[in-house]
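**Q** In the working numbering, the protein residues as written are 1 to 750.
For every residue, glycine included, the Cβ atom is placed at its ideal position computed from N, Cα and C.
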Amino acid sequence: MVAFDDLLHARLGGMQDAVNDWTETVKKLKTLQEKAEKGMQHKAEKADWKGQNAGITRPFIKKTAKEFGDAAKEAESIRNILRDALADFKASKKKLGAIVADAPAKGIRIGTDGSVSYLVHPDRRGKDYEGPDPKQADFDHVRADIKAAIDKATEADEVASRALVTLVGKDEHNFSGTDYKSLRDAKAVQDAQEFVALSRKGAHASPSELAHANHLLKEHTGDKLFAEKVATGMGGKGTMTYWSAIVDSHQGNMPKKELATLKDLQKNLGLTLAEATHSNSAEMQRWKKDVIALGDQQFISDRTRDTTGPYGFQITSSLMRHGEFDQKFLNDYGNKLIDYEKDTDAPQLWSHGGQYYDALNFGAAKNDDGKDPMTGFLEALGHNPHASTEFFHDKEHFNYLTGVETKKGPDPRIWPQDSASFVPSPDQKQQLPGFVSLGHALEAATTGHNYEAGPSAATSVHSAEQADIMNRLVTNMSKHPDLVRDGMAESLGQISAEYMPDIHRAIDPHKGDIATLFPHKGSDADLQEQDVTRFLHTIGQDPDGYAAVNLGQHQYTASILEYHMNHPGAYVNTLSPDHHQALTQTITSISRDAGEIEGVIGSGRDYALEHKLVEGDSAYNTALGKAGTWAGSLAGIGIGLGTSAFSGPGGAVASGLAGTASGEIINGIVQGANRDRLDGQIYRDGQHWEVLKEDTAQTTRDSLAATTLRHDPSFRLYKEISDSAVDDGFRAGQSNVQKYLKGEVQSSGQ
């Protein structure tokens, strides 16, 4: 450790001279490197040598030229290490000097060894003493500042020392060619080597060593160099062996602290490996290929005790739940995983492979022990939207995972109950963690954003592939509502919220000018009213799904009204020279569609309550309140025009509309959700439909009031027009539910 007095009075001029000298050396060596590569090496490669000259002289010249390059690289690395260490020494010295200089004014003395005491001890103060009177907290603060300055200098000294030893190496005849861009790079490499060494202890690592390994991973979160060195240092097989050993040696009831460390270790190792997969180096390409190839291999930590162990797929997927893995790697991995499942007896396979492993997922939710590798893989897709879109655009993958049956395709996947008592083929109607993760992956695939990140204006512009997946979701799940598995509705509702322009286009009866009434920049999902009705009715039965669609609809209605009222040239002025008539038609269309959507999901909500699919109506209000954080991001997506300006017939521009009205509308809904307006008495009296309809009408009126139309002399009339249109839409939604579901659903409000 650097001593306090040494740092405070350090003379750093000599180190600065060394940095300058090495900088000049780098310049000279790079000049020699250029001459060697463009001169003698270039000539040697062009020379028409034969015999011994070709076999000996040319390789010798090439090796010599390479040595110049390695020498330049090594010299530059030494310069970089010295430069950054000097910068840290200067900063630490300056900080320490400031601490010492400021201490007397606080009534504190700092000794030559860094000790802290009173400048004037209370016992020696006179009656007239008016100086500072430091408290224990002041002493603690100064000590902490001194320690921080010394620690920074000490770390720089130790990292630089180890790095310089590594650079010099043990080979007296060859330069190492090691390339350090900075002192931080050197620390990343050293810490990665330390982690790899700890990983080789496997099950024999002590609790303190596990905690330190976790600390190393956490400290270097997002560090590409560290991540790659960890992955390549362990190797594909080493990664599998390490995690299977950790899992094997930590089962059953554990102290909370130990479980927390392991849960954190699983997360941080996953984040590190995810970061590493974005490297295209030869070493990482090998790691990725090895990990995929080892998917069908079992890893047995203790062969004296066990005859089976988890498969590589199970191990890898358990480390995929956090972080954004590389797109190509995810698709290659997923293709191999699905192919393997189809060729074997999955999911029975996963229970056999992990029968001695209670869990591969530390701190797991119920029925999510990690033995089903598809769950972790789908979580990874949920964190990489581009990978998920590519994966689900493959129809066989889509059908296999969502449960769509086809005449020629393979049977849909059977999802296991992933608990200690592993059930390979449980009732597929119950909530299973795999379904929740499937929803997450589909959300990323259709929306273009990480399911945990929430929407933005940019992601509201959907690609043709995303829109196609959305079309398949709605079409298939409307025909087969059982494909909306328990646990998926929240994600499907949030997807629907981000496809509101497409949904409005599908249900609006005025198809001729639909593109300008409900504009968006991306590809259209080309939905049909019948499919939308059945799909939203199913989603509306789930409180979380209902909340997402409800908030999404109100956000979009507020945004599109604001857009058209503030930019009449985009649509309103093209309808009729009679401005009042044009406004009436615009408000009627938008309000009617809002009513229809609310009528459909309201019917779904009603159906769930009648059939006791949920405990009570309060569950829906609870879900609305819970969705507040996510709903806040909806206000930023506007009407689906992305970040680009929308130029309609009147040259209207959509910039600046992102969420002023819609944000307030959503806040009002979420805040009001805490009051249970639809209590049991209202429900029994059949008044709930009127309450839901009035809520929709009021919210639409509020949306109108947030636009420039509030200053119009006829504003009261326009509100009445909106109310009437909402009523028409509400009835249309209810009617369509009966019509398109062929009378299967009878609602007490109809």
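Among the residues of its own chain, which have a CB less than 8 angstroms from the CB of Ala627, if the five just before and after it don't count?
**A** Here the set comprises Asp544, Ala547, Ala548, Leu551 and Val670.
**Q** What does the alpha-carbon distance come out to for the pair Trp630 and Ala458?
**A** One C-alpha to the other measures close to 16 angstroms.
**Q** Are the Cβ atoms of Leu273 and Leu319 separated by less than 8 angstroms?
**A** Their beta carbons are under 8 angstroms apart, which means Leu273 touches Leu319 by this criterion.
**Q** What is the DSSP secondary structure of Ile597, counted as helix, strand or coil?
**A** Of the three classes helix, strand and coil, the one that applies to Ile597 here is helix, per DSSP.
**Q** For the 8 angstroms Cβ check, are there 3 or more pairs between the stretch 210-219 and the stretch 273-283?
**A** No: fewer than three Cβ pairs fall under 8 angstroms.
**Q** When the Cα atoms are used, what is the spatial distance from Met470 to Leu349?
**A** Near 32 angstroms, if we compare the C-alpha coordinates of Leu349 and Met470.
**Q** Drop a sphere of 10 angstroms on the beta-carbon of Asp302, count the other beta-carbons inside from all chains shown, and report buried for 16 or more, exposed for fewer.
**A** Under this definition Asp302 is an exposed residue.
**Q** Give me the Cα-Cα distance between Asp133 and Gly107, rounded to the nearest whole angstrom.
**A** If I take the Cα positions, the gap works out to 6 angstroms.
**Q** With a threshold of 6 angstroms on Cβ separation, who are the neighbours of Gln34 within its own chain once the five nearest residues in sequence on each side are excluded?
**A** It is Glu, not Gln, that sits at residue 34 in the sequence shown. So the list is empty, once near-sequence residues are dropped.
**Q** Could you tell me which of Gln417, Met234 and Ile514 sits nearest to Thr574, measuring between CA atoms?
**A** Out of Gln417, Met234 and Ile514, Ile514 has the C-alpha closest to the C-alpha of Thr574.
**Q** Quick check: Gly604 and His711, are their CB atoms within less than 8 angstroms of each other?
**A** No, the pair does not count as a contact, with Cβ atoms beyond the cut-off.
**Q** Measuring only the C-alpha atoms, how far is Lys73 from Lys288?
**A** Cα to Cα, the separation comes out at about 28 angstroms.
**Q** With the cut-off set at 8 angstroms, would you say Phe226 and Ala188 are in Cβ contact?
**A** Yes, these two residues count as a Cβ contact at 8 angstroms.
**Q** Beta-carbon within less than 7 angstroms of Asp185's beta-carbon, same chain only, minus the 5 sequence neighbours each way: which residues are those?
**A** Excluding positions up to five away in sequence, the list reads Leu225.
**Q** Name the DSSP bridge partner or partners of Val116?
**A** Note: Val116 sits in a beta bridge opposite Ile110.
**Q** In the DSSP assignment, find the alpha helix (DSSP H) that holds Ile721 and state where it starts and stops.
**A** Here the alpha helix (DSSP H) through Ile721 covers Phe715 to Tyr740.
**Q** Could you compute how far the alpha carbon of Thr154 sits from the alpha carbon of Arg321?
**A** About 36 angstroms.
**Q** Quick check: the stretch 585-604 against the stretch 723-736, are there 3 or more CB pairs under 8 angstroms?
**A** Contact between the stretch 585-604 and the stretch 723-736 is present, because at least three Cβ pairs lie under 8 angstroms.
**Q** Rounded to whole angstroms, what is the Cα-Cα separation between His554 and Lys90?
**A** Distance between the alpha carbons of His554 and Lys90: 57 angstroms.
**Q** With a threshold of 16 other CB atoms inside 10 Å of the CB of Gln734, please say whether the residue is buried or exposed.
**A** Buried, because 16 or more other Cβ atoms sit within 10 Å of the Cβ of Gln734.
**Q** In the DSSP assignment, the alpha helix (DSSP H) including Lys342 goes from what residue to what residue?
**A** Taken as a continuous stretch (DSSP letters only), the alpha helix (DSSP H) holding Lys342 covers Gln327 to Asp343.
**Q** On the DSSP bridge assignment, give the partners of Tyr311 in chain order.
**A** Paired residues: Gln298.
**Q** State the DSSP-derived secondary structure class of Asp372, mapped to helix, strand or coil.
**A** The answer is coil: DSSP assigns Asp372 none of H, G, I, E or B.
**Q** Under the three-state reduction of DSSP, which class applies to Gly625: helix, strand or coil?
**A** Helix at Gly625.
**Q** On the criterion of 16 or more Cβ atoms from any shown chain inside 10 Å, does Tyr129 qualify as buried, or is it exposed?
**A** So Tyr129 counts as exposed.
**Q** Just to confirm the assignment: which complete alpha helix (DSSP H) runs, minimum length 4, are found wholly within the stretch 125-183?
**A** Those alpha helix (DSSP H) runs which fall completely within the stretch 125-183 and span 4+ residues are 136-168.
**Q** Evaluate Thr239 with the Cβ neighbour count: other Cβ atoms within 10 Å of its Cβ, from every protein chain shown; 16 or more gives buried, anything less gives exposed.
**A** Buried: at least 16 other Cβ atoms inside 10 Å.
**Q** Measuring CA to CA, which of Lys429, Ser496 and Gln530 is closest to Val484?
**A** Val484 has its Cα closest to that of Lys429, out of Lys429, Ser496 and Gln530.
**Q** Quick one, are the C-beta atoms of Ser456 and Gly636 less than 8 angstroms apart?
**A** Cβ distance < 8 angstroms, so Ser456 and Gly636 count as in contact.
**Q** Have a look at Glu443 and Arg286 and give me their C-alpha separation to the nearest angstrom.
**A** Distance between the alpha carbons of Glu443 and Arg286: 31 angstroms.
**Q** Of the residues Lys263, Ile503, Gln581 and Thr232, which one's Cα is nearest the Cα of Glu283?
**A** Selected option, being the one with the closest Cα: Thr232.
**Q** According to DSSP, is Lys43 helix, strand or coil?
**A** Bear in mind that a pLDDT of 49 at Lys43, under 50, signals an unreliable position, so the model cannot answer this.
**Q** Count the C-beta pairs between the stretch 695-702 and the stretch 564-583 that are closer than 8 angstroms, then say yes if the count reaches three, no if not.
**A** With a cut-off of 8 angstroms, the stretch 564-583 and the stretch 695-702 do not count as touching, because too few Cβ pairs lie within range.
**Q** Taking Cβ to Cβ, would you say Gln190 is nearer than 8 angstroms to Leu86?
**A** Not in contact: Gln190 and Leu86 (Cβ atoms no closer than 8 angstroms).
**Q** Decide yes or no for the touch test of the stretch 523-535 against the stretch 611-618: beta carbon pairs closer than 8 angstroms, at least 3 of them.
**A** No, they do not touch.
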